[in-house]
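What follows is a set of notes on a single structure, which appears directly below.
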Amino acid sequence: MGSINFPAEEERVLNTWNDINAFHRQLELTKDLPPYVFYDGPPFATGTPHYGHLLASTIKDIIPRYWSMRGRFVERRFGWDTHGVPIEQIIDKKLQEELGVRGRAAVDQIGIKEYNRRCREVVLTYANEWRKIIGRVGRWIDFDRDYQTMHPSFMETCWWVFGQLYKKGPVYHGARVLPYSTALNTPLSKSEASEEYKDVQDPAITVNFPVLPIEEQPEGVRQSVQKALDAAQGKNVNFVAWTTTPWTLPSNVALCAHPDYDYLLVLDKESDNVYIMLEAGLKVLYKDPKKAKDKFQTLPLKLKGSELAGIRYKPLFTYFHSQFKDYGFKVLLDTYVKQDEGVGIVHQSPAFGEDDYQISWREGVINADRQPPNPLNAAGEYTSEVPDFEGQHVKAADKNIMKHLEGEGRVVRKSQITHRYPHCPRSKTPLIQRAVPSWF
């Protein structure tokens, strides 16, 4: 018995199906049977199918075939996702070459109508290739009656469904912190954000937050503040926080401590300041604390994290002081604070951290009417809300923010850290975390 030529056999079967119009004949024979609806998420046609598409297509073919053989009518229409980042990125590259601008700036320059026209011109560039490859896989699906998300009927249906949900009351408008690409001017899904990490070197900075005088503290925390002041014996008492994202510091509205940890009071002999921090954080300030005993002194007082709750401090910047002076610039508590990272006090910038946002919302620092400071435009550049750094991209502003804080005497230590950091898989640029308007 000779060997079987599997590719040739596949071609023979496909040709037979095409000759007898097998797929459409099956639809015709089952049209009066009970329907089985199969929802098929559409791909983009801005590139050819890859392994993931082919694997999914195999599964998507098996299920409708099964239900067809079980006596159900399964209509199968191919669809195209014609919205979103893939097509916009293609147009943005062309506009960058043509006009020197991209993203929102390009839309503002040529108008949304012209931008959409250019997108429609190229959105189905690889439709024919998809048809050939998916057909070669053996999948039965109707390309002649395909649907496209840019068709008005499709979009109107989506809006109608959303409108019905909105009228019934379960839909509300809020915000969510998501991975955000400043190059593409858009948030990404968490799965997209996890696709590409790079080893990068970022600044690591520890800054001080002076504890306000006791007369400016809420009545309920004055006892804890007085204990710290007594132990400091006239020295300035400060919280300290460590971060690898200095660009988030202008938006700081709170600090966070762990309620169950014991916090030390450490006298830094060089600055003559007293720092409230964890013992595990000494290595951040002094590298090898055992060899640096002459540089600091641990005072004979420990404060439980729960005793720090509500203590107010001097803000790093005044940009958002008037808005949050009655609600923020105080210590919050949460168990997400770790001993093995930083100094045990975490600075809170709710618009740029998921934990920060949730904790600040829970503690009433922010709410639906008092949104967190988010002074960036779509491209990740500071707006006029932060005039000292207006127009600077957040990553480029790191060094300028550190220089500014050094001039204000707020920098305790600075260094560099090498770590794995998420990058946009399309633009290859660093991602940030950012609160974006969302519907829930």
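Per UniProt numbering: the sequence shown = residues 1 to 440. Cβ atoms here follow ideal geometry from the backbone N, Cα and C, with glycine treated the same way. Model, not experiment: these values are computed from the prediction.
- Contact between the segment 321-337 and the segment 251-268 is present, with at least three C-beta pairs closer than 8 Å.
- With a threshold of 16 other beta carbon atoms within 10 Å, proline 372 meets it and is buried.
- Checking the DSSP bridge columns, you'll see threonine 248 has no partner listed.
- Per the DSSP secondary-structure output, lysine 330 pairs in a beta bridge with Arg312.
- In the structure shown, tryptophan 140 adopts coil according to DSSP, grouped into three states.
- The beta carbons of valine 85 and leucine 184 sit closer together than 8 Å.
- Between the alpha carbons of glutamine 416 and glycine 342 lies a gap of roughly 13 Å.
- According to the DSSP assignment, proline 64 belongs to the alpha helix (DSSP H) that extends over 51-69.
- Residue state for cysteine 119 is assigned as helix, using DSSP reduced to three classes.
- Secondary structure of aspartate 398 (DSSP, three-state): helix.
- C-alpha of proline 42 to C-alpha of alanine 56: approximately 11 Å in a straight line.
- A direct Cα-Cα distance of roughly 35 Å separates tyrosine 261 from leucine 376.
- Fewer than three pairs of CB atoms, one per stretch, sit closer than 8 Å, so the segment 263-283 makes no contact with the segment 244-252.
- Given a length threshold of 3 residues, each whole run of the beta strand (DSSP E) inside the segment 204-275 is given here in chain order: 236-243, 254-257, 262-268.
- If one requires a minimum length of 4 residues, the alpha helix (DSSP H) runs lying completely within the segment 352-435 are 354-362, 394-407, in chain order.
- For the pair lysine 290 and threonine 298, the Cα-to-Cα distance works out to about 12 Å.
- In chain order, Thr248, Ser251, Asn252, Asp356 place their CB closer than 6 Å to the CB of serine 349, counting only its own chain and leaving out the 5 sequence neighbours on each side.
- Under the 10 Å beta carbon count, serine 224 is surrounded by 16 or more other beta carbons and is classified as buried.
- A check of alpha carbon separations from alanine 22 across Ser3, Ser68, Tyr51, Ile63 identifies Ser68 as the nearest.
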